[in-house]
Amino acid sequence: MQHHVRPAGPPPPNGYSHAVSFTGPTVVVSGQVPLDADGRLVGGDDTLEQTRQVFRNIETALAAAGASMSDVVKLTIFLTNVADLPAFRAARDEFIDLERPPASSLVQVAALVHPGFRVEVEALAVLPTR
Numbered sequence: 014m015q016h017h018v019r020p021a022g023p024p025p026p027n028g029y030s031h032a033v034s035f036t037g038p039t040v041v042v043s044g045q046v047p048l049d050a051d052g053r054l055v056g057g058d059d060t061l062e063q064t065r066q067v068f069r070n071i072e073t074a075l076a077a078a079g080a081s082m083s084d085v086v087k088l089t090i091f092l093t094n095v096a097d098l099p100a101f102r103a104a105r106d107e108f109i110d111l112e113r114p115p116a117s118s119l120v121q122v123a124a125l126v127h128p129g130f131r132v133e134v135e136a137l138a139v140l141p142t143r
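One point on numbering: in the numbering used here, the residue at position 121 of the sequence shown is 134, and numbering is uninterrupted.
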């Protein structure tokens, strides 16, 4: 896996790589939302806490597939309010390697499947070669 955080030309990134190249089996993690194992909303209106729960859910899904957050090559983020981006970034940065961040896309959406959800995140990871 090779992270191209700041190749010549694109603007400076803020917590993501402009490109990540890799080989190996991939793991696709469905959009994770801020629900706990019992299906309860975590964080209420607090985007920071919702995002932490989303990343805990991603970690759990990755572990089931034999991967970890360090294996993530791409995140797709859905926020219902782009003003929540600083809180999202603060939580995300607790879970990713800031020296080797994944590629990333961010989309502001009108709503997510549950009216209380402020954030949803999909992940793409590459399994470590053994």
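Glycine residues also receive a C-beta, built at the ideal position from the N, C-alpha and C atoms.
These numbers were taken from a predicted model, which means no experiment stands behind them.
Residue state for E112 is assigned as coil, using DSSP reduced to three classes. Annotated as proximal: D97 and R131, with beta-carbon spacing under 8 angstroms. For L140, the CB contacts under 8 angstroms within the same chain, skipping 5 residues up- and downstream, are G37, P38, T39, V40, A78, G79, A80, D84 in chain order. Between T64 and A104, the beta carbon gap of about 4 angstroms places them in contact (Cβ cut-off 8 angstroms).
Within the region 86-136, the runs of alpha helix (DSSP H) that reach at least 4 residues and sit entirely inside it are, in chain order, 98-105. Rounded to whole angstroms, H127 and I109 show a C-alpha spacing of 26 angstroms. Each of A100, P99, K87, Q45 was checked against the Cα of P114, and the nearest Cα belongs to K87. With fewer than 16 other Cβ atoms inside 10 Å of its own Cβ, S34 counts as exposed.
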